[in-house]
Amino acid sequence: MTLDKEGLKILDVGCADGVLLRDLKKQVSPSAQLVGADIVEAFLPASEEGIRFEVYDLCELPRDELVGAFDLTHVRYSILGAAKVGYQKAIDHLASTVAPGGWLQVHELDFDLTDRPNVGPAWRDASNLIAAMFDGMGMGSDCIRKLPGAFEAAGLDNVTVHSVDLPMGKLLGDDEAAELSWQPFVITIPSLIEGAKALGVKLPDSTYENLAERFEKEVKEEGAMFRALVTIGQKPA
């Protein structure tokens with residue numbers, strides 16, 4: 001898919017503050033139509049020329065104006081929050097927004113740390129905590145490996161999966177970039193711990209103990225390597 005296509009239409013689901021679309025706007029034709037959607041209205045900025053923002057819950061059917069409309073529908077770190085309907089329904093809803101010949105692209109974190117470089121004890125504890133939360137919510141942290149089958153069940157072709165390593169902290173080699181990479185994540189750790197305990201997640205007490213402080217120290221001194229799996233599929237023309 002070429003970004004300079006006239007009238008290109010892109011939907012970003014789980015767009016938060018729209019940073020990806022604002023960056024993408026610099027790379028596409030002025031005639032492109034970019035739409036950002038998020039379940040949390042407070043995250044959404046005001047619409048601007050070339051970018052429209054709206055509230056959407058991927059657990060629900062998209063409204064008629066979104067169905068079959070987009071050359072690319074992109075989703076990042078949102079599928080695991082769709083436990084209310086399950087990953088297959090969420091993929092069905094997303095696939096319905098794609099125009100014939102268009103593409104669906106889903107990014108999700110991979111919680112399997114087997115044979116992963118730069119996995120210290122604090123990063124392992126943080127990863128286990130997040131994975132256990134998604135397991136406790138009923139989605140299953142391993143559902144990302146089932147997404148290719150879900151894409152095919154939704155009628156998509158040319159389904160592929162790509163692995164993308166995401167270095168954090170010291171591995172970036174730049175102090176400012178390193179701090180920007182770990183600081184937002186560290187801030188969320190106390191909330192993740194509260195959420196896990198509320199769900200009754202069973203983890204050793206040592207997992208929770210000073211986790212934010214331990215992770216910050218580890219990522220500053222050694223770095224950490226996150227990994228995302230990107231599943232891509234095309235709607236038949």
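Mind the numbering: the sequence shown is residues 1 to 237 in the UniProt record's numbering, read in order.
Where is the CB? At the ideal position from N, CA and C, for every residue including glycine.
Owing to the predicted nature of the structure, the values given are computational and were not obtained by experimental measurement.
Under the three-state reduction of DSSP, Q88 is assigned to helix. Here DSSP, grouped into helix, strand and coil, assigns P100 to strand. In this structure, DSSP gives D165 an extended state, which the three-state scheme calls strand. Taking the Cβ atoms as the reference, L192 lies roughly 7 Å from M133, within the contact range of under 8 Å. In the structure shown, the three-state DSSP call for N128 is helix. Counting along the chain, no alpha helix (DSSP H) covers T2, and no H or E run does either. Excluding sequence positions up to five before and after F43, its CB lies within less than 7 Å of the CB of A16, D17, all in the same chain and listed in chain order. T160 and L34 have their C-alpha atoms some 24 Å from each other. The C-alpha of E108 lies about 16 Å from the C-alpha of L129. Taken in chain order, the unbroken stretches of beta strand (DSSP E) that lie wholly in the UniProt domain "Methyltransferase" (10 to 102) and span 3 residues or more are 33 to 38, 51 to 55, 70 to 76. Residue state for F111 is assigned as coil, using DSSP reduced to three classes.
Annotation for D125: T207, L211 place their beta carbon closer than 7 Å to its own, counting only its chain and skipping 5 residues before and after. By DSSP's assignment, L229 forms a beta bridge with E108, S163. Going by DSSP, E216 is part of the alpha helix (DSSP H) stretching over 211 to 221.
Under the DSSP assignment, A196 falls in the alpha helix (DSSP H) whose first and last residues are 175 to 198. By the Cβ test, the region 111 to 122 is not in contact with the region 55 to 62, since fewer than three Cβ pairs between them sit closer than 8 Å. In terms of Cα proximity to A150, the closest of D92, N118, P204, V67 is D92.
Shown here for L72: same chain residues with a beta carbon closer than 7 Å to its own, the five before and five after excluded, namely M1, I10, G102, W103, Q105 in chain order.
Looking at the DSSP output, D157 bridges to Q234.
Between the region 78 to 89 and the region 45 to 55 there are fewer than three C-beta pairs closer than 8 Å, too few to call the two in contact.
With fewer than 16 neighbouring CB atoms inside 10 Å of its own CB, P190 falls in the exposed class. Counting only the Cα atoms, Q27 lies some 45 Å from G200.
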